[in-house]
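Residue numbers (the numbering used here), protein chains in the order written: chain A, 52 to 384; chain B, 35 to 260.
Idealized CB from N, CA, C, for every residue including glycine.
Here is the structure we will look at.
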């Protein structure tokens with residue numbers, strides 16, 4: 052491992068409590084003014100980023116909300132839930148204006164194409180569905196996974212759709228043909244988390260056995276992120292512009308890693324809010340804001356936590372614990 | 035009935051030839067929600083994409099503003115107490131003024147002395163009234179104390195007579211059983227025993243992060259279900 056880049060450790064900045072159930076998903080608005088969270092109390096809540104105040108609560112789902120995404124180009128927000136519903140919200144009047152009907156079971160993840168007017172959703176019926184936003188019609192039902200699709204990514208270049216599933220595979224899809232052109236079978240456990248690098252042509256996938264990095268067009272395996280695998284179920288991952296990669300785990304730990312080397316420079320164990328059981332520590336989703344300076348985590352103790360970098364930290368106060376390994380003796384996979 | 039929602043090892047698997055959007059022999063039913071509607075997409079007004087630095091500066095500015103407004107609101111809530119302090123600080127000055135006035139009054143009293151006999155009568159009456167009220171209060175207090183003492187003595191006597199469960203019969207009141215209902219919750223009991231019981235901490239420690247175990251819901255159930 053080459054010498055890792057130094058990053059400041061992250062610290063808790065704010066705890067927002069307001070949901071009445073597990074907070075399952077979070078998404079940011081393109082202007083960075085507010086963010087939206089979906090929770091097990093079947094509501095979506097919009098929060099002001101600067102003050103942490105609730106702006107509005109949206110009801111309409113009849114089961115936990117599992118995924119939410121805000122469009123960059125339209126004043127629309129899309130939410131999916133375990134009630135098989137895929138909803139399109141108009142943010143100018145805060146109403147549901149479209150439904151996308153077709154999933155056979157709960158919908159667990161959604162992603163919006165950055166350039167086409169196309170929405171992708173994946174769920175427990177082990178299919179990825181591609182929807183035309185305007186006409187509400189299903190364009191494709193991408194089948195091939197053998198188990199629940201737990202994570203989904205879309206990007207403007209190939210592979211336009213990447214999906215991770217509980218059958219422990221990652222599939223790269225050709226959107227034009229509606230077919231998978233690569234299946235990555237390196238993982239041993241279900242792939243619950245996927246993350247695109249914001250400015251490199253790479254992506255990362257996370258499952259309970261390891262976090263892995265891939266090169267984009269063909270899905271060439273780059274490396275395992277954790278040199279000593281961390282034994283916990285990973286639920287979410289996020290990468291910011293400064294090459295900080297974050298993974299949130301089911302046991303409430305958040306690990307911050309340097310993207311290039313995979314060096315884990317900081318591990319945070321989240322503390323449950325008073326009145327909760329100790330076992331209620333768990334991270335369900337995490338997301339950087341549009342600047343990459345704030346991290347929002349959605350937790351099992353029904354809170355939303357905001358993290359930021361520690362300004363007082365320097366390479367002297369938080370040194371990198373790293374030893375050069377003689378070439379040729381590195382562990383290989 | 036679909037079995038999709040049931041905990042099964044094999045939930046329904048989606049594909050092109052299954053379900054609502056199947057390719058051949060599709061359903062003839064059309065969901066109301068699939069009727070054409072909102073057929074034009076809205077688009078955001080195109081605006082110059084803000085750079086990362088601009089967004090960051092904006093966010094910090096907004097956070098600062100929130101912090102400032104919070105501080106000012108705190109300051110305004112503290113203001114009354116500060117006012118009180120300032121009053122106390124000014125109090126000696128006011129007293130000085132009173133003393134001066136008293137001196138003036140004495141001088142004035144020498145001038146019109148014929149009103150003084152009426153004033154003396156009134157003050158005497160007031161003093162008598164005050165004495166009476168004081169006496170009544172003392173009597174009240176003494177009576178209460180005596181009652182309290184009697185009650186305590188009686189309690190002690192009861193304890194001596196019936197407090198020992200070994201001496202009492204099996205059917206008597208004193209038993210070893212801990213008084214707890216069968217549906218009592220013990221998970222959230224005594225969470226904050228070691229914490230100082232300031233008001234804020236008390237509030238926090240009574241908050242239970244569970245929608246059916248919290249105090250609100252318990253109160254609700256007691257009101258309507260019991």
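*For residue 100 of chain A, which of A:256, A:287 and A:346 has the nearest alpha-carbon?*
A:346
*Taking C-beta pairs closer than 7 Å, name the residues in chain A that residue 322 of chain B reaches, listed in chain order.*
Residue coverage of chain B in this structure runs from 35 to 260, which leaves residue 322 of chain B outside it and unanswerable.
_At the 8 Å Cβ level, is residue 63 of chain B part of the contact set with chain A, yes or no?_
no
*From A:123, A:102 and A:126, pick the residue whose C-alpha is nearest to that of residue 103 of chain B; which is it?*
A:102
_Here's the rule I'm using: 16 or more other beta-carbon atoms within 10 Å means buried, otherwise exposed. How should residue 380 of chain A be labelled?_
exposed
*For the 8 Å Cβ check, are there 3 or more pairs between the stretch 363 to 382 of chain A and the stretch 338 to 345 of chain A?*
no
_Boundaries of the beta strand (DSSP E) in which residue 232 of chain A is found, first to last residue_ = 230 to 235
_Taking the alpha-carbon of residue 336 of chain A as reference, which of A:86, A:58 and A:140 has the nearest alpha-carbon?_
A:86
*Bridge partners of residue 315 of chain A, per DSSP?*
A:308
*Expected contact under 8 Å - CB spacing of residue 43 of chain A and residue 130 of chain A to nearest Å*: The requested residue 43 of chain A does not occur in the structure, where chain A is confined to residues 52 to 384.
*Could you name the residues of the same chain whose beta carbon sits closer than 7 Å to that of residue 301 of chain A, not counting the 5 residues immediately before and after it, in chain order?*
283, 284, 286 and 333
*Just tell me which of A:240, A:237, A:256 and A:252 has its CA closest to the CA of residue 246 of chain A.*
A:256
_I'd like the list of long-range same chain contacts for residue 250 of chain A, defined as Cβ closer than 8 Å, with 5 residues on each side in sequence excluded._
292
_DSSP three-state assignment for residue 398 of chain A, whether helix, strand or coil_ = With chain A running from 52 to 384 in the structure shown, residue 398 of chain A is simply not present.
*For residue 240 of chain A, collect the residues of the same chain with a Cβ closer than 6 Å to its Cβ; drop the 5 residues on either side in sequence, then sort them by chain order.*
219, 258, 259 and 260
*Cut-off 7 Å between Cβ atoms - residues of its own chain near residue 176 of chain A, not counting five sequence neighbours on either side*: 154, 155 and 156
*Taking residue 77 of chain B as part of the beta strand (DSSP E), name the residues at either end of that continuous run.*
Note, residue 77 of chain B: premise wrong, no beta strand (DSSP E); not H, not E.
*How about residue 75 of chain B: is its C-beta nearer than 8 Å to some C-beta of chain A?*
yes
*Starting from residue 257 of chain B, follow the alpha helix (DSSP H) in both directions and report where the run begins and ends.*
249 to 258
*Is the distance from the Cβ of residue 350 of chain A to the Cβ of residue 318 of chain A below 8 Å?*
no
*Taking 8 Å as the CB-CB cut-off, is residue 184 of chain A touching chain B?*
yes
*Under 6 Å Cβ to Cβ from residue 62 of chain A, same chain only, skipping five residues before and after it: list those, please.*
361
*Opening and closing residue of the beta strand (DSSP E) in which residue 159 of chain A lies*: 158 to 163
*Give the straight-line distance between the Cα atoms of residue 58 of chain A and residue 213 of chain A, rounded to the nearest whole angstrom.*
29 Å
_Residue(s) in a DSSP beta bridge with residue 96 of chain A_ = A:88 and A:108
*Taking Cβ to Cβ, would you say residue 202 of chain A is nearer than 8 Å to residue 231 of chain A?*
no
*asked:* Tell me the residue span of the beta strand (DSSP E) that contains residue 171 of chain A.
replied: 169 to 174
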